[in-house]
């Protein structure tokens with residue numbers, strides 16, 4: 001029998017009631033605290049009701065479709081496209097996202113409506129005082145962006161409300177990278193400015209990229225940001241593509257032998273650096289096939305709708321984020337025969353190129369936001385891969401079977417091999 005206190009209730013019941021009251025008070029406090037945020041989210045959702053938006057899976061309150069896009073979003077979006085069509089809409093927290101996953105949809109985003117969809121949603125890590133100096137992450141195609149792009153062509157978390165907290169430390173890391181680059185380049189820029197101050201005139205063929213930047217009155221901060229932008233964009237993509245190319249050639253030994261024979265035949269008495277590698281048809285077909293099957297950037301850097309517009313007869317609201325799923329297009333059986341197989345032959349005798357005009361093959365993007373380092377990137381791939389293939393024999397460690405090489409992908413800023421490629425090399429006689 002339980003003891004009764006002076007109020008006629010058992011102590012346990014009093015404690016339970018007290019905890020219940022505390023829980024109600026806590027829940028009420030949380031709701032009051034979250035009310036402005038909930039109102040903001042509900043208002044964001046309700047503003048798009050009855051609009052002719054692209055179809056897509058139903059979002060959950062608050063988080064939207066984030067739970068579905070947490071892993072391998074390029075594959076998830078490709079599967080959604082099979083169900084809902086080549087242009088779909090999703091919600092990532094409070095952000096409205098549109099994904100184009102077919103050549104037709106990509107053409108409308110990158111060409112037809114390029115004017116309205118050429119903005120950028122600035123990553124939280126780059127929210128810094130010199131944000132207007134960026135090229136790739138410029139908010140819009142302003143005059144500084146146009147100048148940077150001209151020079152380059154001539155010479156080469158989803159909840160904004162918590163962004164200020166920098167919970168992942170991305171902004172801090174970005175600032176550190178900027179400081180490292182600044183310390184490295186400061187002496188070089190200082191020396192070059194001193195030379196200009198002495199009126200030392202160089203012939204045009206003697207000038208490099210830095211000379212052109214200084215001639216156009218770039219400040220040290222602008223130079224550092226542009227170089228950092230280009231280095232980050234170019235280094236990872238080239239290294240990743242080389243790893244995938246070598247993996248595919250190791251896995252497909254018959255293709256490796258064909259490439260080696262072409263290189264030996266064409267370069268036997270010539271220097272690689274002085275040879276026009278674009279003339280090697282099978283070698284370049286292998287590079288194209290690598291970029292199709294394993295695009296370094298599986299989803300093009302997100303665009304932002306500067307103004308509302310229509311794509312494929314659907315409304316794209318202002319400030320929507322827009323993705324072009326290059327991976328989905330490259331793996332679409334409606335576009336490519338046997339899309340998951342590595343077949344360089346598909347590019348032999350074909351006019352399809354990666355210059356941004358063939359929307360079934362856009363590893364470097366298209367439109368005014370197309371990768372500014374396309375030419376230098378391709379040249380880097382050619383000059384690094386050619387000697388690796390020509391001058392060395394390659395094998396897997398522990399006598400592993402090349403045909404069973406693990407080709408699992410890992411989604412990130414670039415599309416990497418989940419298991420890094422390990423090879424044994426031997427210089428060819």
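In UniProt numbering, the protein residues as written are 1 to 429. Glycine included, each C-beta is placed from N, C-alpha and C at the ideal position. Remember, it's a predicted structure, so these values are computed and weren't measured experimentally.
Just the Cα atoms here: how many angstroms apart are residue i and residue j?
{"i": "residue 168", "j": "residue 412", "result": "For residue 168, the predicted structure reports a pLDDT of 38, less than 50, and the residue's modelled location is therefore unreliable. A value from the coordinates is still provided. Near 15 Å, if we compare the C-alpha coordinates of residue 412 and residue 168."}
{"i": "residue 322", "j": "residue 64", "result": "16 Å"}
{"i": "residue 314", "j": "residue 53", "result": "5 Å"}
{"i": "residue 410", "j": "residue 113", "result": "31 Å"}
{"i": "residue 353", "j": "residue 102", "result": "17 Å"}
{"i": "residue 141", "j": "residue 306", "result": "11 Å"}
{"i": "residue 61", "j": "residue 95", "result": "12 Å"}
{"i": "residue 143", "j": "residue 408", "result": "42 Å"}
{"i": "residue 146", "j": "residue 281", "result": "34 Å"}
{"i": "residue 185", "j": "residue 417", "result": "32 Å"}
{"i": "residue 212", "j": "residue 196", "result": "12 Å"}
{"i": "residue 277", "j": "residue 403", "result": "28 Å"}
{"i": "residue 335", "j": "residue 193", "result": "52 Å"}
{"i": "residue 72", "j": "residue 299", "result": "11 Å"}
{"i": "residue 344", "j": "residue 285", "result": "5 Å"}
{"i": "residue 164", "j": "residue 66", "result": "For residue 164, the pLDDT reaches just 39, beneath the cut-off of 50, and the residue's location in the model is therefore unreliable, leaving the point undetermined."}
{"i": "residue 377", "j": "residue 365", "result": "13 Å"}
{"i": "residue 160", "j": "residue 346", "result": "With a pLDDT of 37 at residue 160, under the threshold of 50, the predicted position of this residue should be treated as unreliable, though the coordinate-derived value follows. Approximately 44 Å, taken between the alpha carbons."}
{"i": "residue 31", "j": "residue 70", "result": "For residue 31, the predicted model reports a pLDDT of 46, less than 50, meaning its position is unreliable and no value from the coordinates is stated."}
{"i": "residue 425", "j": "residue 240", "result": "19 Å"}
{"i": "residue 339", "j": "residue 74", "result": "16 Å"}
{"i": "residue 428", "j": "residue 392", "result": "5 Å"}
{"i": "residue 265", "j": "residue 157", "result": "51 Å"}
{"i": "residue 258", "j": "residue 279", "result": "15 Å"}
With C-beta atoms as the reference, is residue i less than 9 Å away from residue j?
{"i": "residue 361", "j": "residue 288", "result": "yes"}
{"i": "residue 297", "j": "residue 363", "result": "yes"}
{"i": "residue 188", "j": "residue 202", "result": "no"}
{"i": "residue 90", "j": "residue 309", "result": "no"}
{"i": "residue 84", "j": "residue 59", "result": "no"}
{"i": "residue 301", "j": "residue 98", "result": "no"}
{"i": "residue 381", "j": "residue 260", "result": "no"}
{"i": "residue 383", "j": "residue 255", "result": "no"}
{"i": "residue 87", "j": "residue 100", "result": "yes"}
{"i": "residue 115", "j": "residue 372", "result": "no"}
{"i": "residue 342", "j": "residue 252", "result": "yes"}
{"i": "residue 385", "j": "residue 283", "result": "yes"}
Which whole-angstrom value describes the C-beta separation of residue i and residue j, a residue pair presumed to lie in contact below a C-beta threshold of 8 Å?
{"i": "residue 304", "j": "residue 119", "result": "4 Å"}
{"i": "residue 243", "j": "residue 421", "result": "5 Å"}
### Query
Quick check: the stretch 325-342 against the stretch 68-81, are there 3 or more CB pairs under 8 Å?
Touching, per the Cβ criterion.
#### Entry: Contained beta strand (DSSP E) runs [length at least 3] in the stretch 286-356, N- to C-terminal order
With a minimum length of 3 residues, the continuous beta strand (DSSP E) runs that stay inside the stretch 286-356 are 309-311, 314-316, 321-324.
### Message
Closer than 8 Å is the cut-off here; do at least three beta carbon pairs connect the stretch 239-251 with the stretch 291-301?
### Response
yes
### Query
Should the stretch 88-108 be called in touch with the stretch 346-360, which here means at least 3 C-beta pairs below 8 Å?
As far as the Cβ criterion goes, the stretch 88-108 touches the stretch 346-360, which means the pair count is three or higher.
### Message
Closer than 8 Å is the cut-off here; do at least three beta carbon pairs connect the stretch 223-238 with the stretch 389-407?
### Response
no
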